[in-house]
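Reading through the structure tokens given below for one structure.
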Amino acid sequence: ALPANAVMPIWLATMGLDSEFLEGLPALLLILLPFMLVSIVVAMVKLGEAFSTPLFATTACSLPISLWENINQRNNGCLSFGFPGSSGCPPDPPGYELPRTVMIFFQIGVMLLAVKSLQKENWKGMYGFLYAAYISVVVYLIAFVSGLWS
412 ALPANAVMPI WLATMGLDSE FLEGLPALLL ILLPFMLVSI VVAMVKLGEA
462 FSTPLFATTA CSLPISLWEN INQRNNGCLS FGFPGSSGCP PDPPGYELPR
512 TVMIFFQIGV MLLAVKSLQK ENWKGMYGFL YAAYISVVVY LIAFVSGLWS
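Following the working numbering, the numbering of the sequence shown begins with 412 at its first residue and continues without gaps.
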């Protein structure tokens, strides 16, 4: 879970930049999703409530941010592929990047909670936080794309 979680803050931070190096990260996150879901079910069975509580609580806390990003993309998102004769996108309105910034800080907070759980020798809770960070970014990605394409 840790390498996948290291990818998420990098991807969120560079989401608005024109960096060709990181274009494949959303696809990588979605390709890893079935494996993560299976490992979450196995961990819930083997590790119990100490794993499940941080997982569900953190994922539930990330849902309003994902909904906010979906609404933001529906209202302000623009796709322009640069075809000849196309007008392009208008400038971003003030506050357009705010949901992404909040999600980055949320992810940093989740990582700090995971470190705190590890320092308390609660490694089951640490894994719950790490898996929740992954799931919350995947839900955010789905909300971002569905809002942009609608």
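Ideal Cβ positions, reconstructed from N, Cα and C, are used throughout, including at glycine.
Residue of the options minimising C-alpha distance to residue i
i, options, result
"G542", "G499, N487 and L524", "In the sequence as displayed, the identity of residue 542 is Tyr instead of Gly. Checked all of G499, N487 and L524; the closest Cα to Y542 is L524."
"S473", "W560, P495 and A554", "A554"
Burial state of residue i, where buried means 16 or more other Cβ atoms lie within 10 Å
i, result
"F462", "buried"
"N483", "buried"
"S498", "exposed"
"I451", "buried"
Beta-carbon spacing of residue i, residue j below 8 Å
i, j, result
"L529", "M537", "yes"
"L466", "G520", "no"
"E480", "Y551", "yes"
"P504", "N487", "yes"
"S547", "T469", "yes"
"L440", "V549", "yes"
Secondary structure of residue i, DSSP reduced to three states
i, result
"L490", "coil"
"E532", "coil"
"S561", "coil"
"P465", "helix"
"L541", "helix"
"P445", "helix"
"Y507", "coil"
"P437", "helix"
"P502", "coil"
is_contact[residue i, chain B] using C-beta, thresh 8 Å
i, result
"Q530", "Checking the listed chains, one finds no chain B in this structure; it contains a single protein chain."
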